[in-house]
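Protein chains in written order, with the working numbering: chain Y, 37 to 464; chain L, 10 to 233. Accompanying notes for the structure given below.
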Amino acid sequence: MNKLLNKTLKTFTIYALIVLAASVPAYYYLVDSIWLRELDEHNEIIADRIEAELNRLELSENELNTALTLWNKIQPGTNLEKTNLDLNRTDSTYTVLRRNLYVEYEDINRFRGLSRVIEINRKNYLVTIETNVEETEETVIAIAILTFLFFLILVIGFLIFNRRLSVKLWQPFRSTLNKLKAFNLNSQASIPFEKSNTLEFEELNLALSKLIEHTISVYKSQKEFTENASHELQTPLAIIKNKLDLLLQKEALTDRQYQIIEATNKAVTRVSRINKNLLLLAKIENHQFEDSEEINLSDLTTQSLVHLHEHIESKALILQSEIDGELSITGNKTLLEILLNNLILNAIRHNAQKGIIKITLDKSGLTLSNSGNKALDIESLFKRFKKSSDESSGSGLGLAIVEQICKRHHWTINYLFKDDFHIFKVSF
Amino acid sequence: MKILIIEDEQQLAQSIAEYLSEESYLCEFATTFNQALGKIETYHYDCILLDIMLPDGNGMKILEELKKQDKQDGVIIISAKNALDDKIKGLQIGADDYLTKPFHLSELAARIYSVIRRKQFGNSNTVRQNELEINLLAKTVSIHNQLVTLTKKEFDLLVYFMGNKNRVISKSTLAEHLSGDFADMLDNHDFVYAHIKNLKKKLNEAGYDNYLKTVYGTGYKWEG
Numbered sequence: 037m038n039k040l041l042n043k044t045l046k047t048f049t050i051y052a053l054i055v056l057a058a059s060v061p062a063y064y065y066l067v068d069s070i071w072l073r074e075l076d077e078h079n080e081i082i083a084d085r086i087e088a089e090l091n092r093l094e095l096s097e098n099e100l101n102t103a104l105t106l107w108n109k110i111q112p113g114t115n116l117e118k119t120n121l122d123l124n125r126t127d128s129t130y131t132v133l134r135r136n137l138y139v140e141y142e143d144i145n146r147f148r149g150l151s152r153v154i155e156i157n158r159k160n161y162l163v164t165i166e167t168n169v170e171e172t173e174e175t176v177i178a179i180a181i182l183t184f185l186f187f188l189i190l191v192i193g194f195l196i197f198n199r200r201l202s203v204k205l206w207q208p209f210r211s212t213l214n215k216l217k218a219f220n221l222n223s224q225a226s227i228p229f230e231k232s233n234t235l236e237f238e239e240l241n242l243a244l245s246k247l248i249e250h251t252i253s254v255y256k257s258q259k260e261f262t263e264n265a266s267h268e269l270q271t272p273l274a275i276i277k278n279k280l281d282l283l284l285q286k287e288a289l290t291d292r293q294y295q296i297i298e299a300t301n302k303a304v305t306r307v308s309r310i311n312k313n314l315l316l317l318a319k320i321e322n323h324q325f326e327d328s329e330e331i332n333l334s335d336l337t338t339q340s341l342v343h344l345h346e347h348i349e350s351k352a353l354i355l356q357s358e359i360d361g362e363l364s365i366t367g368n369k370t371l372l373e374i375l376l377n378n379l380i381l382n383a384i385r386h387n388a389q390k391g392i393i394k395i396t397l398d399k400s401g402l403t404l405s406n407s408g409n410k411a412l413d414i415e416s417l418f419k420r421f422k423k424s425s426d427e428s429s430g431s432g433l434g435l436a437i438v439e440q441i442c443k444r445h446h447w448t449i450n451y452l453f454k455d456d457f458h459i460f461k462v463s464f
Numbered sequence: 010m011k012i013l014i015i016e017d018e019q020q021l022a023q024s025i026a027e028y029l030s031e032e033s034y035l036c037e038f039a040t041t042f043n044q045a046l047g048k049i050e051t052y053h054y055d056c057i058l059l060d061i062m063l064p065d066g067n068g069m070k071i072l073e074e075l076k077k078q079d080k081q082d083g084v085i086i087i088s089a090k091n092a093l094d095d096k097i098k099g100l101q102i103g104a105d106d107y108l109t110k111p112f113h114l115s116e117l118a119a120r121i122y123s124v125i126r127r128k129q130f131g132n133s134n135t136v137r138q139n140e141l142e143i144n145l146l147a148k149t150v151s152i153h154n155q156l157v158t159l160t161k162k163e164f165d166l167l168v169y170f171m172g173n174k175n176r177v178i179s180k181s182t183l184a185e186h187l188s189g190d191f192a193d194m195l196d197n198h199d200f201v202y203a204h205i206k207n208l209k210k211k212l213n214e215a216g217y218d219n220y221l222k223t224v225y226g227t228g229y230k231w232e233g
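Structure below.
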């Protein structure tokens, strides 16, 4: 993933590169044309000077010819010769490449030339002046190097500013993000966002605050509903249960009638169990089990096993326990008992006749394994009312409660199916 | 024996009364907080069944009032709340027991039976039925003056039957009583049968008059 600022940086850098690259030919044409214009001016001045100075000397015909021959021989870059061309002819300018004959290596120079007809002693002469100009490629290279240098400065600047801005500019965003990450719906406390003087962040915080408040209120009312519904249901359930008890006392019930009462009674018990478990879940989530104490988990586990011993026996299960002698842990005793009972009961219920239950308790955690024949769906295992077996007597909340209890104590619970064993491990 | 049922749900109060009236219990009702206060001030009851969630007040206040007046009535709190705090608080203030809705009437009857026995018979809390003698305090049983050794659960069952003489108690009710919170989480209730079987065997061997009968296949009834 790329940072947002890096994404804009990339675009900006590419744009700067294009603009600067386009500036190279532009600069070249500008520099070259200024150069040529200046040289043309320069050549014209020289031509003017030659004309004026030679006329001022008032040389004779012969003297002039000798001087011109000598001139043409030694004066580089200028040439004077008689011409029949008209004095009014317009000046011509040109650019020419010439080899430098005075050096060993190959050196081609560019010259800017001016040829003009001038009048010396009433005769027309053609004066040609050539001045060395910087070659095209040299100019281009120089400009390109300079441009590239500026480009580098620009990019380095971008990077530095980017880093500083990302720290400074995005600070409110980061703070908001961190608070959101730490947000726990269970705590039901809304987040106090930092004030920002950036419009966008302020808007974001405002929208988030609204969203969170709404979520909390929905969450609260959902919980209240669960709690109230569970409470309200207990009394009618009690009535049903008690009426069934009374019905049972009537004389001359048939066996069939008794069975119906018994089946109804079992169903009522299950409803009330689901009710109680929902209530328990709501309470754990509502932090109503906040008090913690030092608990001897080894003792508690042994107690649970003793308590459930008869059920282990009635299924002829083989119990293999490895319980670390004196393991103390800080937690809520009521919840820990529920956790142990739920896990052990699960291992009993979802076991085959004469199956095996292994229980291991040490510093790292509590592991419960029981015989089984196929892996359970780990996705839905800890979800409410998602039953992973066909067996129907459970409330469908046992493992959800176990998970909540683990969460409350900041432990993790994992499920594994290995070598025909369902393994639940609570890591402290 | 006089029982006061403080419960705003009439159907529930009636069921309780109907079940209890077949014993030698006389039931009175109070459906509101004020009515209840009036009754406890005026009369004495052997046992008070107290719903702590009343429409016009908290039942805990009634409990406090009883203590203030130094009344010796036994109190069993009946609550739709399974809150441990309430339970502890109630027992601390002076309730004798705490029962969470929904409950079986046989469970309630057994608890009332225990509370009254404890309150009224104190140290010599012994129940007799012909050759059978149960010491509720020492938790011992003897038949023809011969001590019978029972497990904790078997003794518990026996006392439960004592509190529900001549009543049909279904297997699932007994399962709930014996395993408490997780009876319904168990696939089968065969463990009830195992305990009953053992209890019957031990009592039979000691020579009791076979009071515990099986009815409708899986129900039980203690005759006496």
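Cβ atoms here follow ideal geometry from the backbone N, Cα and C, with glycine treated the same way. Being a predicted model, the structure only gives us computed values, none of them experimental.
Counted within 10 angstroms of its Cβ, other Cβ atoms place L:LEU156 as buried (16 or more) or exposed: Taking the second sequence and counting its residues from 1, one reaches residue 156 of chain L at position 147. So L:LEU156 ends up on the exposed side.
Coil, strand or helix - Y:VAL203 by DSSP: One-based indexing of the first sequence puts residue 203 of chain Y at position 167. The answer is helix: DSSP assigns Y:VAL203 an H, G or I state.
Buried or exposed by the 16-neighbour rule on C-beta atoms within 10 Å, applied to L:LYS90: Walking along the second sequence from the start, residue 90 of chain L turns up at place 81. With 16 or more Cβ atoms within 10 Å of its Cβ, L:LYS90 is classed as buried.
Start-end ranges of the beta strand (DSSP E) lying completely within the segment 135–186 of chain L, minimum 3 residues: 135–138, 141–144, 149–152, 155–157
Supposed contact pair Y:ILE310 and Y:LEU371 - C-beta distance, whole angstroms, cut 8 Å: For the purposes of this step, residue 371 of chain Y is identified with residue 335 of the first sequence, where counting begins at 1. For the purposes of this step, residue 310 of chain Y is identified with residue 274 of the first sequence, where counting begins at 1. About 19 Å; that fails the 8 Å criterion.
Neighbour list for L:HIS237 in chain Y, Cβ cutoff strictly below 7 Å: For chain L, the structure presents residues 10 to 233; residue 237 of chain L sits outside this window and is missing.
Outcome for L:LYS210 when other beta-carbon atoms lying within 10 angstroms are tallied against a minimum of 16: Locating residue 210 of chain L in the second sequence gives position 201, counting from the first residue. Result: exposed.
Beta-carbon spacing of Y:LEU104, Y:ASN157 below 8 Å: Stepping through the first sequence from its first residue, residue 104 of chain Y is reached at position 68. Stepping through the first sequence from its first residue, residue 157 of chain Y is reached at position 121. No; because the gap between Cβ atoms is not below 8 Å, this pair is not in contact.
Bridge-paired residues (DSSP) for L:ALA39: Residue mapping note: residue 39 of chain L aligns to position 30 of the second sequence, counting from 1. Answer is L:ILE15.
Residues that Y:THR403 bridges to, as DSSP identifies them: Numbered from its first residue, the first sequence carries residue 403 of chain Y at position 367. Y:THR403 pairs with Y:THR396, Y:LYS461.
Whole-angstrom C-beta distance between L:GLU74 and L:LEU117, which should lie under 8 Å: Here residue 117 of chain L corresponds to residue number 108 of the second sequence, with the count starting at 1. Here residue 74 of chain L corresponds to residue number 65 of the second sequence, with the count starting at 1. Contact doesn't hold; Cβ gap of about 23 Å is too wide.
Cutoff 8 Å: Y:ASN301 Cβ touching any chain L Cβ: Sequence index remark: in the first sequence, residue 301 of chain Y carries index 265 (1-based). Yes, Y:ASN301 lies at the interface with chain L (some Cβ there is under 8 Å from its Cβ).
For Y:GLU329, the nearest candidate out of Y:ILE365, Y:SER257, Y:SER350, Y:ILE359 (CA to CA): In the first sequence, counting from the first residue as 1, residue 329 of chain Y sits at position 293. Taking only the C-alpha atoms, the option nearest Y:GLU329 is Y:ILE365.
CB contact below 8 Å: Y:ALA274 versus chain L: Mapped onto the first sequence, residue 274 of chain Y falls at position 238. Yes - at least one Cβ of chain L is within 8 Å of the one on Y:ALA274.
Beta-carbon contacts of Y:LYS399 that lie in its chain and below 8 Å, excluding the five residues immediately before and after: Mapped onto the first sequence, residue 399 of chain Y falls at position 363. For Y:LYS399, where only same-chain residues beyond five positions count, the Cβ hits under 8 Å are ASP360, LEU363, PHE464.
Stretch-stretch touch, CB-based, cutoff 8 Å, three pairs: the segment 410–420 of chain Y with the segment 340–347 of chain Y: no
For L:GLU74, three-class secondary structure by DSSP: Along the second sequence, read from residue 1 onward, the residue named residue 74 of chain L stands at position 65. In this structure, L:GLU74 counts as helix in the three-state DSSP scheme.
Unbroken beta strand (DSSP E) run spanning Y:TRP107, endpoints: Locating residue 107 of chain Y in the first sequence gives position 71, where the first residue counts as 1. Run containing Y:TRP107: none in the beta strand (DSSP E); it sits in the alpha helix (DSSP H), 97–110.
Chain Y within 8 Å of L:PHE170, Cβ atoms only: Residue numbering aside, residue 170 of chain L sits at position 161 when the second sequence is read from its first letter. Not closer than 8 Å to any Cβ of chain Y, the Cβ of L:PHE170 fails to qualify, so no.
Distance, Y:ILE384 Cα to L:SER188 Cα: Locating residue 188 of chain L in the second sequence gives position 179, where the first residue counts as 1. Locating residue 384 of chain Y in the first sequence gives position 348, where the first residue counts as 1. If you take the alpha carbons of L:SER188 and Y:ILE384, they lie about 14 Å apart.
Inter-residue CB distance, Y:SER232 and Y:GLU238 (contact presumed, cutoff 8 Å): Residue mapping note: residue 232 of chain Y aligns to position 196 of the first sequence, counting from 1. Residue mapping note: residue 238 of chain Y aligns to position 202 of the first sequence, counting from 1. Confirmed, Cβ separation roughly 5 Å.
Reduced DSSP category for L:THR227 - H, G, I as helix; E, B as strand; rest coil: For the purposes of this step, residue 227 of chain L is taken as residue 218 along the second sequence, with counting starting at 1. Coil.
Partner residues on chain L for Y:GLN270, Cβ-Cβ distance less than 7 Å: By one-based count along the first sequence, residue 270 of chain Y stands at place 234. Going along chain L in sequence order, the residues near Y:GLN270 (Cβ under 7 Å) are ALA89, LYS110, PRO111.
Distance between Y:ILE110 and Y:TYR138 (C-alpha atoms, nearest Å): What you label residue 138 of chain Y is simply residue 102 of the first sequence in a count that begins at 1. What you label residue 110 of chain Y is simply residue 74 of the first sequence in a count that begins at 1. C-alpha separation (whole angstroms): 14 Å.
Cβ pair count under 8 Å reaching 3, the segment 452–463 of chain Y against the segment 20–38 of chain L: no
is_contact[L:LEU45, chain Y] using C-beta, thresh 8 Å: Working through the second sequence from its first residue, we reach residue 45 of chain L at position 36. Per the sequence presented here, residue 45 of chain L reads as Ala, with Leu not at that position. For L:ALA45, the answer is no, since every Cβ of chain Y falls outside 8 Å of its Cβ.
Residue burial classification, Y:LEU188 (beta-carbon count within 10 angstroms, cutoff 16): Position 152 of the first sequence holds residue 188 of chain Y. Y:LEU188 should be labelled exposed.
Partners in chain Y for L:ASP237, counting only beta-carbon separations shorter than 7 Å: With chain L running from 10 to 233 in the structure shown, residue 237 of chain L is simply not present.
Three-state secondary structure (DSSP) of Y:GLY432: In the first sequence, the residue the question calls residue 432 of chain Y occupies position 396. In the structure shown, Y:GLY432 sits in coil (DSSP, three-state: anything other than H, G, I, E or B).
Y:ASN160 versus Y:GLU87 - alpha carbon distance: Looking up residue 160 of chain Y in the first sequence gives position 124. Looking up residue 87 of chain Y in the first sequence gives position 51. Going by the C-alpha atoms only, they are around 11 Å apart.
Opening and closing residue of the alpha helix (DSSP H) in which Y:ASN118 lies: Locating residue 118 of chain Y in the first sequence gives position 82, where the first residue counts as 1. It should be noted that the sequence gives Lys, not Asn, for residue 118 of chain Y. Y:LYS118 -> not in any alpha helix (DSSP H); beta strand (DSSP E) instead, spanning 114–118.
Alpha helix (DSSP H) segment containing Y:SER266, residue limits: Along the first sequence, read from residue 1 onward, the residue named residue 266 of chain Y stands at position 230. Y:SER266 -> alpha helix (DSSP H) spans 235–284.
Spatial neighbours of L:LEU63 in its chain, beta-carbon cut-off 6 Å, leaving aside the 5 residues before and after: Sequence index remark: in the second sequence, residue 63 of chain L carries index 54 (1-based). Here the set comprises ASP17, PHE42.
Three CB pairs or more closer than 8 Å across the segment 125–144 of chain Y and the segment 49–63 of chain Y: no
Exposed unless 16 or more other CB atoms sit within 10 angstroms - verdict on Y:VAL342: In the first sequence, residue 342 of chain Y corresponds to position 306, counting from 1. Answer is exposed; the Cβ neighbour count stays below 16.
Proximity of L:TYR229 and Y:ASP291 at Cβ, strictly below 8 Å: Working through the second sequence from its first residue, we reach residue 229 of chain L at position 220. Working through the first sequence from its first residue, we reach residue 291 of chain Y at position 255. Against a cut-off of 8 Å, the Cβ pair of Y:ASP291 and L:TYR229 comes out as no contact.
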